[in-house]
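Asker:
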Amino acid sequence: MSAKPSFLVLSGDGINCERETAFALEYAGAAPKIIHVNDLIAAPETLKSADGLAIPGGFSFGDELGSGQILALKIRHKLGDKFFKMVEGKKPVIGICNGFQVLVKLGLLPYPDAEERILALAPNESGGFINRWVGLNVDPQSVCLWTQGLEKPTIELPIRHGEGRIAFNHGEEEKHYQALVQQGLIPLTYTEDVNGSYGRIAALTDPSGMVLGLMPHPEAFIFKETYKTPGARDIAKGDGALIFENIMRIMKGEESSYERRTG
Amino acid sequence: MGAAVRIEVTAQIADRRLEKWTREAREYLDVPLTAIEEAKVYRIAPAASARNLSASVKTVFGDPVLQAVSFAGAEQALKGPEPSFVAEISYRPGVTDNPARSAEEALALTGCPSEVASGSLYFLFGQVNEVGAKKVARELLANELIQKIEVWPYKEFVKLKRFDGVKMPKAVFAHPPKAEEISLDLDDAGLEKLSKERVLALTLPELKHIQGYYRRPDVIAERAKHGLPAQPTDVEVEVFAQTWSEHCKHKIFAAKIDYTGPEGKALEIDSLYKTYIKRATKEIEKERGLDWLISVFSDNAGIVRFDDQVDLCIKVETHNSPSALDPYGGALTGILGVNRDILGCGLGARPIANTDVFCFAPPSMPAREEEDYMPVGPKPPRRILEGVHKGVEDGGNKSGIPTVNGAFFFDRDYAGKPLVFVGTVGVMPPKLPNSRDSSEKKLSVGDRIMMVGGAIGADGIHGATFSSLELDENAPATAVQIGDPLTQKRMADFLLEARDMGLYAAITDNGAGGLSSSVGEMAQMSGGAALDLAKCPVKYPGLSPWELMVSESQERMTVAVHPSKKTDFLELAKRRGVAATDIGAFDDSGFLTVLYQDKLVGRLDLGFLHNSLPQMQLKAEWKEPQPRAAWSATTQLTGKRKPAPAKLQDILFALLSSPNITSKEKWVRAYDHEVQASTHVKPFTGAASDGPSDAGVIWLKPHGGQSGNGVAVSCGMAPRMSLCDPYRMAQFAVDEAVRNAVVAGGDPDKICLLDNFCWPDPVVSAKNPNGAYKLGQLVRTSQGLYDICKAYGAPLVSGKDSMKNDFRGKDKRGVDINVSCLPTLMVTAMAQVPVAATVGSSFRAAGDLIYLVGLKGALGLAGSEFATLFDAPDDRGPAINPERNIALYRKLHQSLKMGHIRSAHDVSEGGLLVAVAESMIGGRLGASLYIADAHDVLFNEAPGRIIVSVSPDKKAAFEQGFKGQECHLIGHVGGDEKLSLAGQGDILLSDIISAWKKGF
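Chains as they are written, first to last, in my numbering: chain A, 1 to 263; chain B, 10001 to 11000.
1) For a quick check, are the C-beta atoms of E10285(B) and P10748(B) less than 8 Å apart?
2) Could you check if H10250(B) is buried or exposed, using at least 16 other CB atoms within 10 Å of its CB as the buried criterion?
3) Could you check the C-alpha separation between K224(A) and P230(A) for me, to the nearest Å?
4) Cβ of Q10076(B) less than 8 Å from any chain A Cβ?
5) Taking a Cβ distance cut-off of 9 Å, strictly less, list which residues of the region 107-134 of chain A are near chain B, in chain order.
6) Does any CB atom of chain B fall closer than 8 Å to the CB of G231(A)?
7) In chain order, what residues of the region 31-59 of chain A put their CB closer than 9 Å to some CB of chain B?
8) Taking W10699(B) as the query, report the chain A residues whose CB atoms sit under 9 Å from its CB, ordered along the chain.
9) Do L65(A) and A10014(B) have their C-beta atoms closer together than 8 Å?
10) Taking C-alpha atoms, which residue in L10723(B), R10382(B), E10909(B), S10841(B) lies nearest to L10029(B)?
11) Suppose you measure from the CA of K10800(B) to the CA of D113(A); what does that come to, to the nearest Å?
12) Just the chain A side, please: which residues come within less than 9 Å of R10575(B) by C-beta, in chain order?
13) I'd like to know if D193(A) contacts chain B, where contact means its C-beta is closer than 8 Å to some C-beta of that chain.
14) Ends of the alpha helix (DSSP H) at N131(A)?
15) Below 8 Å on the Cβ atoms is my contact criterion, and I expect G10877(B) with C10724(B) to pass it. Report the Cβ-Cβ distance as a whole number of Å.
16) Let me know the secondary structure DSSP gives T10662(B) once reduced to three states.
17) With burial defined as no fewer than 16 other Cβ atoms inside 10 Å of the residue's Cβ, what is the status of F10071(B): buried or exposed?
18) In whole angstroms, what is the alpha-carbon distance linking G10639(B) and Q10783(B)?
19) From this set, H170(A), N131(A), K105(A), I96(A), which residue's C-alpha is nearest L188(A)'s C-alpha?
20) Could you please give the first and the last residue of the uninterrupted beta strand (DSSP E) stretch that includes H36(A)?
21) Output the residue ranges of the beta strand (DSSP E) runs that lie fully inside the region 10324-10385 of chain B and measure 3 residues or longer, sorted by chain position.
22) Within the region 10510-10555 of chain B, note down every full alpha helix (DSSP H) run reaching 4 residues or more, in order along the chain.
23) In angstroms with no decimal places, state the Cα-to-Cα distance between S10544(B) and L10592(B).
24) Of all Cβ atoms in chain A, is any one closer than 8 Å to the Cβ of G10639(B)?
25) List the endpoints of the continuous alpha helix (DSSP H) containing G10784(B).
26) By how many angstroms is the C-alpha of P10418(B) removed from the C-alpha of Y10775(B)?
27) So, with DSSP's three-state summary, where would you put R10017(B)?
28) Assuming P10351(B) and I10401(B) form a contact by the criterion Cβ under 8 Å, report the distance between their Cβ atoms to the nearest whole angstrom.
29) Candidates C10967(B), F10608(B), S10553(B): which alpha carbon is nearest H10462(B)'s?
30) Expressed to the nearest angstrom, what Euclidean distance is found between the alpha-carbon atoms of E10865(B) and E10909(B)?
31) By DSSP's criteria, L10600(B) is part of a beta bridge. Which residues make up the other side?
32) Measuring only between beta-carbons, confirm whether L73(A) sits less than 8 Å from chain B.
33) Under three-state DSSP, which class holds L10637(B)?
34) Only counting the same chain, and skipping five residues up and downstream in sequence, which positions put a Cβ closer than 7 Å to that of A10846(B)?
35) State the beta-bridge partners of T147(A) as determined by DSSP.
36) Helix, strand or coil for H10680(B), going by three-state DSSP, please let me know.
Right under this line is the structure:
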């Protein structure tokens, strides 16, 4: 792995967190490149040469017809196999907020091989959009490479979404939930109920641990200057930075698990 | 095109909005609904090339977990008892339909290009009759100005053959799309009739000025030479009306005013704008030797330099009239519109923060006994609040711009027209990659005129002229429109990319007046322009040339592109999925030449159009305050106020839970205030993240600025003070805005201001007999503004005025009424912030000392929230001493930078005790105050005052800093969760929190 892993950061069609996501990746030691979804469609081979991919937050296609719905369709119909190959190629992929919704709509989380989706990100229990800070428990047993070995057991990040409630297929909730828990596919849970999400699920990973989808915004808390309240003098860096630094450490081979999984 | 189909999509998961509407139907409308179920309706007309329609539809509209698509009727998915009524809501033809536009893109992606129209079905459950069902549909579910409502009893609805012979909405125009000649050979009455019928909003002298122009022999000869009729075309008349509208031209602020003040002395004022606003800035710039004013009053927004690496621009607009008619669409287009001002500022800036301030009638209005007295036409206050709020939410969130600051102010006099102030801050690099100054627009003869973004429709025709009139019951429906944040976001991304690639020479937004104003203004730079309206992309055919010229259809910018860059510009637009069309070229003919399908339909002399309008002559008088106008018997204030409760805590709780003070957290958290990851001070902070902040602070490093640098955005206003003295209203407003910025860390010596005036009609006429008094209030406000800006050394960098905020019409009983807004000056401040100096508004630790910076004592209750709720002594209200205040703010800023202060919070609505209570809530800490418990000490809202807390070990250093200044130790922060006042019982923090969190 080169000194600076290259990361594609998707933009366009109403995505709106590409700049801070790229900023966060750069801070953590990656070489991010913001790429418009139309440019990616025009040159899909770009996916092959990149080391990782981020689908940032935003309101792709204005959230019409369900958040993430149309961007997922666009990726499926215009990039198709090339996109799925990248993900199956076991390169790190992160989908934040709207990006998480896209990954779920694409069927890449939590089970990329499943025939039928078992869950969705439904409208919040409150019925509306909410921006607030949340506490998140990090599951040390999770297979997720983005959060594995994170220095802190709980972290704080902001959420900013209207459709972030994990809802399972009706009647099969507990069965699916328990399976996810056992397989370590729930890397982050809210410390309190914030949107009605089943089991307070805040993030999901796939069985390879390479793909992370999460509703909270790690890119919004890289520096102490954007902490929830001003005057926080004793913070060295934001909790969101830990997640990006973690994956960089693994990609740069400081951890053996990455080599093992990708090798 | 294949036969159109209809589908109905039902959610698998309960929707909380429907529960809320059900509750509101019972509570506010007296309709005994038990439940509402919704199904989305899509009508889809597939193109000839479309394949596999039903498979596509399932993929596009369905979701295996969330939503089911039905081709046979959503009622089949209903559970439980049968609904009683069904309401179907669909957009009127030509209205922006965002779900449909997105659905069309999605269907095209799946190989099934189609035309789509969206709507909703609502199944109403419970013992509802037809009148009740219609009431719910009209007042809760839809807005008839933009939507069609159909209501059926359920039993009849299910028999409808609604899936057969599905029809698509079509915009149909009665007139042929060509230019008409309009004769101005009319007498005075005829001219005035013409103005009213065409919604021109031109005055008789203005109409005669145009009439005179067309009678000039040289004009007649020149027109004959070009084959134009001697009389103006409709295109020309409409361009005059837009360009000369109060909204665009600010004629009242430019007028010559004969003013008599309280001293009885006459004063002739040659333009309030030049005399009090522009002059203040010019003098401050010179006296203080400011080097950070980059562009003021000349562009779409003011530009300042608070950072070596990025420039900041800021603009605040109002969108009152559209918000009165369609609160959601009005606020949404307001936000998107002011964002475009920023995109069109200089060579284009990136919006980084929104601020919004609402002045509404109280959400609880009308009480039962007030219902008959409400104006007919404007939406009920609660609907306006909810609609505007949702519009701001979608406008900011979907554009990826954080809403970091704002305010709600409630007063009954906003029941005729709500005031919706929307503002945006932008950043731009001082120099672009091609080393051009980003603040400078420069275009050349021959540059192409490009219209970029959305297409033109009939929506938004006459916005500029309509908003220059008072509201009555007959507002034109086309003045209302819905915004499309996705189209604008794509356009914004594209334009900033094109800017950095140096693909265009100049840019401006299409706002009020549409192409008429954007091309008309840019043409002044080269000395002329010619465009062919038939080249403009349209939403549907049939629009007349004049409609294309003045339509305010949203999401459009006008850009000047050098011919050598044209191909690259259009190619990039195509790659970004943005419409860009070459519609003409700039020239130096001295004329704005308008063609339609190559035929000349208008030719306007730029000199006459922009520089010939005679100055208005007005009279103004302000001797003493007049009592507030009562617009109905039951809304009179006098005699209605009750005596204040005996117990101090009951007064405090009443204040804390009043709409002007209570927590707005529920509303504000629906706005994304952190996107772009640079919001340093957020709307709510403190131990439980629910203490109110005084300003929003954006950290500039993520935007390319210096790492320790930030910018505060705050606001201030004191509309009720206009009832005491408009001069002080202006000063209080500026003081509050500045103080809010300073407590949030803003440097009082690096602060700029924006003035937004919203006034009731200040021109005397038969229907407006006390116009001179209202203009007198405007004069005094301007004088107060000038004086305090000079005293604070704070330049005004941008501003806007909105002059006819009146409703003249009938109340529900059919009685003529006139509801005028309170004269309102809303001031926005933007200040440079060293981010290491910010502390927040919440108390930090027990034992810290509490100081009141500023005057202590009985300072006057007039104009306060206390005096609105309770009977209060009839005093003249607090005084203000700007010189003393600014000196205190400079000291405070030094103390913040030196780390002497642990929290700082301004004393505003509710007064001293409310400010302390708010700092307690934020810190989840108690307080003991050693201060007199007189009402006029605790609850006056005198300006210039700040509550700070200081750690005991910093006591000496802090006090040294304020030596000789008004700074009073008034108590200490307590560990026990209560507020203790000498001589009064303790008030529990938990009770304070619940009173403040009552909300609305």
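The C-beta atom is built at its ideal place from N, Cα and C for all residues, glycine as well.
Answerer: On the basis of the coordinates in this document:
1) no
2) buried
3) 9 Å
4) no
5) E116, R117, I118, L119, A120, L121, A122, P123, N124, E125, S126, G127, G128, F129, I130, N131, R132, W133
6) yes
7) H36, N38, D39, A42, G57, G58, F59
8) F223, E225, T226
9) no
10) R10382(B)
11) 58 Å
12) H36, N38, D39, A42
13) no
14) Unbroken run through N131(A) is the beta strand (DSSP E), 130-138; no alpha helix (DSSP H).
15) 4 Å
16) coil
17) exposed
18) Its pLDDT being 49, under 50, G10639(B) is placed unreliably by the model, and the measurement read from it follows with that caveat. Approximately 33 Å, taken between the alpha carbons.
19) I96(A)
20) 31-36
21) 10350-10360
22) 10514-10526, 10545-10550
23) 18 Å
24) At G10639(B), the pLDDT of 49 sits below 50, so the modelled position is not reliable; the number obtained from the coordinates is stated separately. No, G10639(B) lies away from the interface with chain A (no Cβ there is under 8 Å from its Cβ).
25) 10771-10792
26) Per the sequence shown, the amino acid found at residue 10775(B) is Leu instead of Tyr. Cα to Cα, the separation comes out at about 20 Å.
27) helix
28) 5 Å
29) S10553(B)
30) 6 Å
31) L10595(B)
32) yes
33) A caution first: L10637(B) carries a pLDDT of 45, below 50, which makes its placement in the model unreliable, though a value can still be read off. Reduced to three states, the DSSP call for L10637(B) is coil.
34) L10925, V10973, G10974, G10975
35) Bridge partners of T147(A): none, in fact.
36) strand
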